[in-house]
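J.: Residue numbers (mature numbering (1 follows the signal peptide of the UniProt record, and there is no 0)): -22 to -1, 1 to 272. Even glycine gets a Cβ: it sits at the ideal position worked out from N, Cα and C. Here it is, the structure, as structure tokens.
Dropping the structure here:
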């Protein structure tokens, strides 16, 4: 941006040579330049300084450091009928050269200041760019964390529904429930209600998996499993009296059984299934006797 000072900016200042003969013979550094107004009145140094200070204040207030000076001066009209001697013309020419040099020096100083301002602005822009890059990284991390939290939530939801199915399957398979420390057989109505609830839950789980299949698949192997029954069997004890971990899967009418991670096959599977059926037909075991009170 440039600020143009036309004749109006320094209109009162017109240069004239004072003492033409003296200027011709005197050394350059001792010569005198006289400023006169457009009314022909000689201006004092204080008046000249006031005009120049006003122009500089306008530049500083505008915050602009790129300055153009433009003089619109008609010598013929201004000095019509005035006889200029050669010495006076030379003195005026030297005065105008000095003024031009001063203007160039002033503009150079402002250009240097503008360059410094530009460097400060660029440094500030660089800091802003670094800050924005840091913000973008933080936002990306937050998005990834939110996505991970969403995936974990979906996995937890699927596992919760699977756990519900396993609980229902376990209750139906054993045919009894425990209430207030006592075991009782499930009624036909209760079994029917459990099967109905299981069907609804299985349908909801299937819809849930279909809706979030892509995210659940990205969660990794084993995150969502089609296991119908997985339980700890508190009644079956191993050789050392440890609790056995029993996993049962029903798929397309086929039942597969794992005990402590080892799948049962052949006679072992048949024997286990028969024992379960016998337990179911025998009904629930009796409740434990209350300990004798002293």
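1) I need the straight-line Cα distance from residue 173 to residue 150, nearest angstrom please.
2) Under a three-way DSSP split, which group does residue 115 fall into?
3) Compute the Euclidean distance between the alpha carbons of residue 217 and residue 238, then round it to the nearest angstrom.
4) Any heavy atom of the ligand FAD closer than 7 Å to the Cβ of residue 110?
5) Is the segment 174 to 186 close to the segment 133 to 148, with three or more CB pairs under 8 Å?
6) Counting along the chain, where does the alpha helix (DSSP H) carrying residue 156 start and finish?
7) What does residue 162 pair with, by DSSP beta-bridge criteria?
8) When burial is assigned at 16 or more other CB atoms within 10 Å of the CB, is residue 132 buried or exposed?
9) In this structure, how does DSSP classify residue 19 when only helix, strand and coil are distinguished?
10) Look at residue 232 and residue 241 and say whether their C-beta atoms are less than 8 Å apart.
11) On the criterion of 16 or more Cβ atoms from any shown chain inside 10 Å, does residue 121 qualify as buried, or is it exposed?
12) To the nearest angstrom, report how far apart residue 77 and residue 25 are at their CA atoms.
13) For residue 274 and residue 125, what's the separation of their Cα atoms in angstroms?
14) Alpha carbon to alpha carbon, how far is residue 163 from residue 157?
15) By a C-beta neighbour count over all protein chains shown, 10 Å radius and 16 as the cutoff for buried, is residue 226 buried or exposed?
16) Can you tell me whether residue 253 is buried or exposed? The criterion is at least 16 other CB atoms within 10 Å of its CB, across all chains shown.
17) Cβ of residue 186 within 8 Å of Cβ of residue 136?
18) Taking the alpha carbon of residue 224 as the point to measure from, which residue in 80, 129, 251 has its own alpha carbon closest?
19) Rounded to a whole number of angstroms, what is the C-alpha to C-alpha distance between residue 75 and residue 107?
20) For residue 73, count neighbouring Cβ atoms within 10 angstroms of its own Cβ and tell me buried if that reaches 16, exposed if not.
21) Residue 122 bridges to which residues according to DSSP?
T.: In brief:
1) Residue 173 and residue 150: Cα-Cα distance of roughly 8 Å.
2) Of the three classes helix, strand and coil, the one that applies to residue 115 here is helix, per DSSP.
3) Unreliable placement is indicated for residue 217, whose pLDDT of 41 sits below 50; the coordinate value is still reported in the next sentence. Each residue's Cα considered, the two are about 12 Å apart.
4) Absence of the ligand FAD is noted for the structure shown, with no ligands found whatsoever.
5) Proximity of the segment 174 to 186 to the segment 133 to 148 meets the contact definition, three or more beta-carbon pairs being nearer than 8 Å.
6) Taken as a continuous stretch (DSSP letters only), residue 156 belongs to no alpha helix (DSSP H), being part of the beta strand (DSSP E) at 154 to 157.
7) In the DSSP output, where bridge partners are listed per residue, residue 162 has 155.
8) Counting every other CB atom within 10 Å of its CB across the protein chains shown gives residue 132 a total of 16 or more, marking it as buried.
9) Coil at residue 19, not helix or strand.
10) Contact flag unset, no.
11) Answer is exposed; the Cβ neighbour count stays below 16.
12) Distance between the alpha carbons of residue 77 and residue 25 is about 17 Å.
13) Here the chain comprises residues numbered -22 to 272, so residue 274 is not present and cannot be evaluated.
14) Taking the straight line joining both Cα atoms gives about 11 Å.
15) Looking at its Cβ environment, which holds 16 or more other Cβ atoms inside 10 Å, residue 226 is buried.
16) Residue 253 is classed as exposed because its beta carbon has fewer than 16 other beta carbons within 10 Å across all chains shown.
17) Yes, Cβ-Cβ distance for residue 186 and residue 136 is below 8 Å.
18) When each option's Cα is compared against that of residue 224, the closest is 251.
19) Near 47 Å, if we compare the C-alpha coordinates of residue 107 and residue 75.
20) Under the 10 Å beta carbon count, residue 73 is surrounded by 16 or more other beta carbons and is classified as buried.
21) Answer is none; residue 122 lacks a bridge partner.
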